[in-house]
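A.B. asks: Using our numbering, the first residue of the sequence shown is number 16, and each one after it goes up by one. Supplied in structure tokens, the structure appears directly below.
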Amino acid sequence: MKKLMVSLTALALSMFSAHAVSNTTIVHPEPRAGSALDLYAIELIEFLAEKSGEPVTLQAFDGQIGSQSRKVEMLKQGKLTIDWLGADRTLESELIPIRYPVFRGLLGHRLFITNQATEPQLAQISSAGDLQSLTMIQGQGWADVKVLNSAGFRVREISSFENIFKVVDTGRADLFPRALIEPFSELAERPQYSNLLVDPHLMLIYRFPMFLFVSPQHADVADMLNGAFEAAYQDGSFIEFFNNAPLVKETFEKANIGERTVIRVDNPHLSNETQAIPDTYWLDIEAQ
């Protein structure tokens with residue numbers, strides 16, 4: 016009888032252990048200072064995990080990561096489970112893309128962080144050709160660099176996100192293109208750069224989704240998120256999540272979209288699969 020009790024106890028412990036192991040840990044990058052976009056992305060992952068019904072723990076990576084190129088390597092190795100990145104063919108071939116635009120395409124609606132000396136020039140610009148005389152700056156390895164270069168713009172890359180603000184503030188570059196949802200919170204977090212402002216005149220638009228990208232070492236997480244995203248679209252809960260997000264609401268209050276000159280350029284760097292995403296998953300900004 017004693018042996019039977021020991022066996023039953025061992026069986027119960029093994030079942031408990033197996034159940035405990037089934038909890039999925041998703042390791043994501045630490046949000047950048049002042050990035051309401053990063054906080055939105057983390058909240059979205061939490062929302063999708065809850066939608067899936069599976070036990071999930073979110074955990075910020077403990078340590079320095081650096082440039083986007085470094086993050087991509089860490090995703091390939093499985094040190095990071097997930098990140099939120101602008102899409103292009105290369106990333107989509109190296110990582111597992113969750114092909115639901117995180118911001119319904121707003122990532123490709125660009126405003127410019129600029130400085131006091133450059134801002135008056137932007138009021139006179141009406142075409143992509145006019146912008147080609149100004150220097151833009153982006154993070155090292157960002158997918159936007161390819162898009163902007165293809166449109167004929169002069170682009171410099173810098174590995175340090177914080178140094179980008181310093182370079183524009185001191186006039187060593189003219190423009191820091193940011194997604195519609197990014198620049199206001201980023202500058203509010205950095206009052207030390209008193210020479211910086213969000214340009215009120217222009218909006219550059221190209222087709223450019225942000226996806227959740229999952230490490231190839233964690234395909235189970237990708238399956239879970241794909242299923243949750245599809246379910247959230249079918250029942251309308253993702254659209255509700257998006258519309259009610261403080262970042263989205265504040266963006267449309269501050270951006271004065273209807274008062275801006277719109278300049279459109281092509282993005283030839285999207286995969287065929289991403290180009291085929293149905294219109295229902297993209298926001299029609301003209302209707303806002």
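Positions of the beta carbon are idealized from the N, C-alpha and C atoms, including for glycine.
Work out the CA separation of Ala75 and Met16 for me, nearest whole Å.
C.D. replies: In the sequence shown, the residue the question calls residue 16 occupies position 1. In the sequence shown, the residue the question calls residue 75 occupies position 60. With a pLDDT of only 45 at Met16, under the threshold of 50, the placement of this residue in the model should not be trusted, and no figure is reported.
A.B. asks: Looking only at C-alpha atoms, which of Gly101, Leu163, Glu172 and Phe256 sits nearest to Leu219?
C.D. replies: For the purposes of this step, residue 219 is identified with residue 204 of the sequence shown, where counting begins at 1. Taking only the C-alpha atoms, the option nearest Leu219 is Leu163.
A.B. asks: Please check the pair Tyr208 and Asp184, which I expect to be a contact at CB under 8 Å, by giving their CB distance rounded to whole angstroms.
C.D. replies: Locating residue 208 in the sequence shown gives position 193, counting from the first residue. Locating residue 184 in the sequence shown gives position 169, counting from the first residue. With a Cβ gap of about 4 Å, Tyr208 and Asp184 count as contacting.
A.B. asks: Where Thr39 and Thr129 are concerned, what is the direct C-alpha to C-alpha distance, given to the nearest angstrom?
C.D. replies: Taking the sequence shown and counting its residues from 1, the one referred to as residue 39 is at position 24. Taking the sequence shown and counting its residues from 1, the one referred to as residue 129 is at position 114. Their backbone Cα atoms lie some 42 Å apart in a straight line.
A.B. asks: Return the CA-CA distance between Ser174 and Lys161, expressed in angstroms with no decimal places.
C.D. replies: Residue mapping note: residue 174 aligns to position 159 of the sequence shown, counting from 1. Residue mapping note: residue 161 aligns to position 146 of the sequence shown, counting from 1. For Ser174 and Lys161, the distance between alpha carbons rounds to 16 Å.
A.B. asks: From the DSSP output, which residues share a beta bridge with Ala194?
C.D. replies: Counting from 1 along the sequence shown, the entry for residue 194 is found at position 179. Beta-bridge pairing links Ala194 to Arg125.
A.B. asks: Would you mind reading off the limits of the alpha helix (DSSP H) that contains Asp214?
C.D. replies: Here residue 214 is taken as the residue at index 199 of the sequence shown, counted from 1. Run containing Asp214: none; DSSP gives neither H nor E here.
A.B. asks: What residue range does the beta strand (DSSP E) around Gly144 cover?
C.D. replies: Counting from one through the sequence shown, the residue named residue 144 turns up at place 129. Where Gly144 is concerned, there is no enclosing beta strand (DSSP E), although the alpha helix (DSSP H) it sits in stretches over Ala143 to Leu146.
A.B. asks: Are the beta-carbon atoms belonging to Phe118 and Met239 less than 8 Å from one another?
C.D. replies: By 1-based counting over the sequence shown, the position of residue 118 is 103. By 1-based counting over the sequence shown, the position of residue 239 is 224. The answer is no: Cβ separation not under 8 Å.
A.B. asks: According to DSSP, is Arg85 helix, strand or coil?
C.D. replies: If you number the sequence shown from 1, residue 85 lands on position 70. The answer is helix: DSSP assigns Arg85 an H, G or I state.
A.B. asks: Could I get the ranges of all uninterrupted alpha helix (DSSP H) runs contained in the segment 39 to 90, with 4 residues as the minimum, in chain order?
C.D. replies: Listed in chain order, the complete alpha helix (DSSP H) runs (minimum 4 residues) inside the segment 39 to 90 are 51 to 67.
A.B. asks: Which of the three DSSP states, helix, strand or coil, is assigned to Leu137?
C.D. replies: As a working note, residue 137 is residue 122 in the sequence shown. Correct three-state label for Leu137: helix.
A.B. asks: May I ask which residues mark the beginning and end of the beta strand (DSSP E) holding Glu204?
C.D. replies: Counting from one through the sequence shown, the residue named residue 204 turns up at place 189. It is not in any beta strand (DSSP E) - Glu204 carries neither H nor E in the DSSP assignment.
A.B. asks: Restricting to Cα atoms, I'd like to know which of Asp77, Lys264, Asp145 and Pro116 is closest to Ala247.
C.D. replies: The residue labelled residue 247 in the question sits at position 232 within the sequence shown. Closest option to Ala247, Cα to Cα, is Pro116.
A.B. asks: Give every residue of the same chain whose Cβ lies closer than 6 Å to the Cβ of Lys94, excluding the five residues on either side of it in the sequence, and list them in chain order.
C.D. replies: Residue numbering aside, residue 94 sits at position 79 when the sequence shown is read from its first letter. For Lys94, where only same-chain residues beyond five positions count, there are no Cβ hits under 6 Å.
A.B. asks: Cα-Cα, which of Val213, Gln249 and Lys66 is closest to Asn271?
C.D. replies: Walking along the sequence shown from the start, residue 271 turns up at place 256. Comparing Cα-Cα distances from Asn271 to each of Val213, Gln249 and Lys66, the minimum goes to Val213.
A.B. asks: Taking only three categories from DSSP, how would you classify Phe228?
C.D. replies: Stepping through the sequence shown from its first residue, residue 228 is reached at position 213. DSSP places Phe228 in strand when its eight states are reduced to three.
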